[in-house]
Amino acid sequence: MALYAIGDTHLSIGKDKPMDIFGPAWDNHTEKLRAGFSKLHSDDTCVICGDISWGMGLEDTLEDFLFIDSLPGRKIILKGNHDYWWSTAAKAEKFFAAHGITTIEILNNNCFFYGETALCGTRGWFYEEETGQEHDKKIMLREIGRLRTSLEAAGEREKMAFLHYPPLFLKYRCEEILALLREHEVKMCCYGHIHGKGCRMSFNGMKDGCEFRLVSADFVNFEPVLLLP
Numbered sequence: 504m505a506l507y508a509i510g511d512t513h514l515s516i517g518k519d520k521p522m523d524i525f526g527p528a529w530d531n532h533t534e535k536l537r538a539g540f541s542k543l544h545s546d547d548t549c550v551i552c553g554d555i556s557w558g559m560g561l562e563d564t565l566e567d568f569l570f571i572d573s574l575p576g577r578k579i580i581l582k583g584n585h586d587y588w589w590s591t592a593a594k595a596e597k598f599f600a601a602h603g604i605t606t607i608e609i610l611n612n613n614c615f616f617y618g619e620t621a622l623c624g625t626r627g628w629f630y631e632e633e634t635g636q637e638h639d640k641k642i643m644l645r646e647i648g649r650l651r652t653s654l655e656a657a658g659e660r661e662k663m664a665f666l667h668y669p670p671l672f673l674k675y676r677c678e679e680i681l682a683l684l685r686e687h688e689v690k691m692c693c694y695g696h697i698h699g700k701g702c703r704m705s706f707n708g709m710k711d712g713c714e715f716r717l718v719s720a721d722f723v724n725f726e727p728v729l730l731l732p
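With this note's numbering applied, the sequence shown closes on residue 732, and no number is skipped along the way.
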């Protein structure tokens, strides 16, 4: 049994969405993901940190989720900024059940457990007070609330956090999310969203007792990253 993470699978199996906007590393990336997941076993868990599918509605995502379901292990997914198909967790769970998708669970206003460790998280958002719009501020406040709900659901267990947006990037700091991570003594925070040349500027390391790790698929060569044995 092992815990892994990866972000930004950006699947479009039924729609053939070009991925050249992210660079040549994304050529044939579905098969790269299949090869990367091949090291997982049926009792392993992998958290996928958002941007799962390019589908605009749930029906558009079917081939993508069937592909994820076919990969080894339990998959826990959270929302990314390109997951336009996402409406509610209940609708997605009903969709999965209707199509026999059994290995995917949704991290949204809740938490899951891997042994004694709680897996918490939410999408997050980029918002800067000086340049941000009121709309972005409202989204950020909702995301902070969802992360708080997830962390509180974990009780006194040791916690790991999974986000789509990084709370630290270059000079950007989401102080509210960082404060929540400190308050709940989160030991590790994995995030995605950053691609290509931006990966070189991502923050990977320790900050206030928490290890931050970028797990975007192209950054980790489309292979889930081992977090816990």
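Ideal Cβ positions, reconstructed from N, Cα and C, are used throughout, including at glycine.
Remember, predicted model here, so these are calculated numbers, not experimental data.
Inspect the CB distances between the stretch 515-534 and the stretch 716-726 and report whether three or more fall short of 8 Å. yes
N-terminal and C-terminal residue of the alpha helix (DSSP H) that Leu536 is part of: 532-540
Bridge partners for Ser719 per DSSP, in chain order? Gly510
Once DSSP output is grouped into helix, strand and coil, what is the label at Ser573? helix
Cutting at 7 Å between CB atoms, please list the residues of its own chain near Ile607, excluding the five before and the five after it. Phe568, Ile571, Asp572, Lys578, Ile580, Phe599
Are the stretch 634-648 and the stretch 656-664 touching by the rule of at least three beta carbon pairs closer than 8 Å? no
Helix, strand or coil, according to DSSP, for Met522 in the structure here? coil
For Phe725, which residues from the same chain have a beta carbon less than 7 Å from its beta carbon, with the 5 sequence-adjacent residues on both sides left out? His532, Lys535, Leu536, Gly539
Hey, Pro732 and Leu543: beta-carbon distance below 9 Å or not? no
Compare the beta carbon distance of Ile647 and Leu673 with 9 Å and say whether it is the shorter of the two. Result no, Cβ atoms of Ile647 and Leu673 do not sit closer than 9 Å.
Taking the alpha-carbon positions, what's the His638 to Pro670 distance? 19 Å
Does the Cβ of Asn707 have 16 or more other Cβ atoms within 10 Å, making it buried, or fewer, making it exposed? exposed
Beta carbon of Asp511, beta carbon of Gly699: below 9 Å? Here Asp511 is not near Gly699, since their CB atoms are 9 Å or more apart.
For Lys641, does the three-state DSSP call read helix, strand or coil? helix
Going by DSSP, name the residue or residues bridged to Ser705. Phe672
Thinking C-alpha only, which one of Cys692, Pro575, Arg651 is nearest Phe715? It is Cys692.
Kindly indicate which residue of Asp554, Gly560, Phe665, Gly712 has the alpha-carbon position closest to the one of Asn584. Asp554
Is the distance from the Cβ of Arg626 to the Cβ of Lys582 below 9 Å? yes
Leu610 - containing alpha helix (DSSP H), residue span: First-last for Leu610: undefined, no H or E at that position.
For Phe665, the three-state DSSP class (helix, strand or coil): The answer is strand: DSSP assigns Phe665 an E or B state.
CB of Val550 within 9 Å of CB of Gly618, strictly: No, these two residues do not count as a Cβ contact at 9 Å.
Are the CB atoms of Thr564 and Trp588 within a distance shorter than 9 Å? The answer is yes: Cβ separation under 9 Å.
By the three-class DSSP mapping on this structure, what secondary structure does Ser653 have? helix
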